[in-house]
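Chains as they are written, first to last, in the numbering used here: chain A, 20 to 350; chain B, 227 to 612.
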């Protein structure tokens, strides 16, 4: 076959463009302007707490929580309105995945009210409903946590990855895995984990929450999940798409996690918000440590499960874990 | 041309038929995205409690079926991904849920000294206690049960189907049966009541107590010895060597028939020194009559940067093993290789001639070479009923 050099290069370029790898390559070379990078953003974390956010009967006060989110975002972004804040975080044209944590069932899952408020605020700035996907590992777990499942193309979608993983293995440091097809199809991610303790990794906050995005998390529990959690978060599917972490601390758990243990849950009544996923986890961990101390429990390190992954994530350049260098705003 | 490779018309057709059988024998459920059945929900209803574990404080448990000894908190799973702690009780999520089922020639396992020319009703459930970077069946072994398509198949149904398809044996294979221990145990026990044997195709990473208890119902075992260095086990399999060697010695002590397979991977476990040490260990601790299969690696899963094993490397391994005194040494995944066949150690004649999974000649009678009467070790008669 007679093939000229020009024709060969043209064919090669077309093949490269059609390759699945090229998607990753484009993401790496052209990071979305909304993604957090430690070089361009100073680590800041906003903590919003209102005792009144939880009614005596246990219900969440929608209005109070909405104002907590709005206030947090405005302080974090330096904007004067929640709409302006969201516009600095996402674009209306993007497909936005809201990653929740549903594995422990309704008492310890990400609150639906919190997720609903975030979704409404996104819609208010022009994000089409169909561009919002609320997701976790399994549809059944979302249902058990009280979420209403929808795969409709007209409204907000909510479902689990279930069997829908990408067929090819992706590597991120020590982690080799198949990612959820939800995460690969989203343009932007908003991570809403729960403020809770974890039996192996010390805490299960924002960084750990992405174990719900891979097919084989059980392979990465050795050594307190370190360096696996950090490595996973370095993958472009997460690193380049993650725009915001909101740790749901309305009801938090300081021991016995990740499953729900009533005796160790407490009404923290707050949210922890940051664009720096490492800083968010560092501050969340400090909250749990403080509560453990107050309750006379050993620190996580003394309990044999220091959250090593947070320091490792910092070392990987994912954010700041040094509480002395993080600007913490309490609103 | 190698005279061992010359085929007559009948042999050619036999091999062709066996090849077609093999190709059709790709486990029927490899796709992950078809329609996974949902697992039983958060309750314990419909689940089968794990046989080997102990309860710890705060609803935690420690699994004791394999040397990983996973400590698992409430609602979490062990390394295998197919067992879950629900409120302090550890449950198998794959009991009675087969993700791959097929009838295979026994030679495919491979077991060469076990009922040659018969079939094994072969099944798997999702999960593994290793993560070999070269995993051949990673689409079921490295996935969680809810991520693969499965069918409900009770132990009794497994036995009935094996019998109706004329299989003398049930094989627990494709993934790692140690992690679906309870399912395997009950199938094997039911099978033996009907005169159907059971073979475990395993990495050998199992604790002694469950192994001994299981072996009362098994009729043979094949162990994948991944390498002969602990560093290989830790780096490429997330496992350890010593417990596997212990399993081999326990099998020897029990007296159950077993064979060993070593997948030779270029540059990783193929050094003559390592192979020599391995063969000497086998000869010393297990005896010279244990069949040893050296099989050819093909790049898969996470180990795709290495070439297939050169045949000359396999030949070298074969020579080393023979020099170490091992009598039954085979080369696998190289169709037409002379070392696919079994030779009589006494008269050197072929006692079982193989080509791929096909048996071309069987010159055994009553387990002895028909030429010289030398007894060839193995299982040559179907098991009786227990």
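Glycine residues also receive a C-beta, built at the ideal position from the N, C-alpha and C atoms.
What is the DSSP secondary structure of residue 299/B, reduced to helix, strand or coil? coil
Do residue 453/B and residue 377/B come within 8 Å of each other at the CB atom, strictly closer than that value? No, they are not a contact pair.
Given that a residue counts as buried once 16 or more other Cβ atoms are within 10 Å of its Cβ, and exposed if not, what is residue 598/B? exposed
So does residue 282/B have its beta carbon nearer than 7 Å to some heavy atom of the ligand NAP? This structure simply doesn't include the ligand NAP, nor any ligand for that matter.
Could you pull out every residue in the same chain whose Cβ sits closer than 7 Å to the Cβ of residue 460/B, ignoring the five residues on either side in sequence? 466
Where residue 528/B meets chain A, residues with beta-carbon distance less than 8 Å: 188, 190, 195
Restricting to runs no shorter than 4 residues, where is the alpha helix (DSSP H) found entirely within the segment 342-368 of chain B? 364-367
Chain-ordered residues of the segment 280-306 of chain A with a beta carbon less than 9 Å from chain B: 280
Collapsed DSSP secondary structure at residue 91/A in the structure displayed: helix
Output, in chain order, the set of chain A residues within a Cβ distance shorter than 9 Å of residue 280/B. Result: empty, since nearest Cβ-Cβ is about 16 Å, beyond 9 Å.
Coarse secondary structure for residue 210/A, derived from DSSP in three states: Correct three-state label for residue 210/A: strand.
With contact counted as at least three CB pairs below 8 Å, one residue from each stretch, are the segment 472-488 of chain B and the segment 367-385 of chain B in contact? No contact exists between the segment 472-488 of chain B and the segment 367-385 of chain B.
Within the segment 193-246 of chain A, note down every full beta strand (DSSP E) run reaching 3 residues or more, in order along the chain. 194-196, 207-211, 213-217, 221-223
Tell me which same chain residues have a C-beta within less than 8 Å of the C-beta of residue 438/B, skipping the five on either side of it? 476, 480
Measure the Cβ-Cβ separation of residue 234/A and residue 191/A and say whether it is below 8 Å. no
According to DSSP, is residue 311/A helix, strand or coil? Residue 311/A falls in the helix class under three-state DSSP.
Would you kindly check if the distance between the Cβ of residue 127/A and the Cβ of residue 9/A is under 8 Å? With chain A represented from 20 up to 350, any question about residue 9/A goes unanswered, as that position is not in the structure.
Apart from the five residues just before and just after residue 224/A, which ones in its own chain have a Cβ nearer than 6 Å to its Cβ? Taking residue 224/A as the centre and dropping the five residues before and after it, the same chain places the C-beta of 212, 266, 300, 303 closer than 6 Å to its C-beta, in chain order.
Residues in the segment 120-144 of chain A having any Cβ partner in chain B nearer than 7 Å: Close to chain B, meaning a Cβ-Cβ distance shorter than 7 Å, are the following residues of the segment 120-144 of chain A: 122, 123, 124.
Would residue 362/B pass as an interface residue toward chain A - the criterion being a Cβ-Cβ separation below 8 Å? no
Let me know if residue 575/B comes out buried or exposed under the rule of 16 or more other beta-carbons within 10 Å of its beta-carbon. By the 10 Å Cβ count, residue 575/B comes out exposed.
Identify, in the order they occur along the chain, each residue of the same chain with its Cβ nearer than 8 Å to the Cβ of residue 290/B, setting aside the five sequence neighbours on each side. If we look at residue 290/B and ignore the five residues flanking it on each side, its Cβ neighbours are 278, 279, 280, 433, 435, 436.
Name the chain C residues that come within less than 9 Å of residue 275/A, Cβ to Cβ? No chain C appears in this structure, whose protein chains are A and B.
Following the continuous beta strand (DSSP E) through residue 581/B, name the residue where it begins and the one where it ends. 576-581
Identity of the residue in 93/A, 76/A, 82/A, 180/A nearest residue 66/A by Cα: 93/A
What residue does the beta strand (DSSP E) around residue 104/A start on, and which one ends it? Counting along the chain, residue 104/A falls outside any beta strand (DSSP E), though it belongs to the alpha helix (DSSP H) covering 101-108.
Using 10 angstroms around the beta-carbon of residue 591/B, count the other beta-carbons present and answer buried if the total reaches 16, otherwise exposed. Residue 591/B is exposed by the Cβ-count criterion.
Best match in 524/B, 580/B, 503/B for proximity to residue 620/B [C-alpha to C-alpha]: Given a span of 227 to 612 for chain B in the structure shown, any question on residue 620/B remains unanswerable.
Kindly identify the DSSP beta-bridge partner or partners of residue 267/A. 213/A, 290/A
Considering only residues of the same chain and omitting the five flanking positions on each side of residue 396/B, which have a CB-CB separation below 8 Å? 346, 347, 348, 349, 384, 385, 388, 413, 414, 417, 422, 423, 424, 425
Of the residues 177/A, 164/A, 165/A, the one placed nearest residue 149/A, counting alpha carbons only: 177/A
Mapping DSSP to helix, strand and coil, what is residue 472/B? helix
Mind the definition here: the segment 571-589 of chain B touches the segment 324-335 of chain B only if three or more C-beta pairs lie below 8 Å; say whether that holds. yes
Classification of residue 343/A by the beta-carbon crowding that lies within 10 angstroms, buried from 16 upward: exposed
Local Cβ density within 10 Å of residue 246/B, reported as buried at 16 or more and exposed below that: Any reading at residue 246/B must be qualified, since the residue scores a pLDDT of 47, below 50, and its modelled position is unreliable; the value itself is stated next. Result: exposed.
Going by the DSSP bridge assignment, what does residue 155/A pair with across the sheet? 179/A
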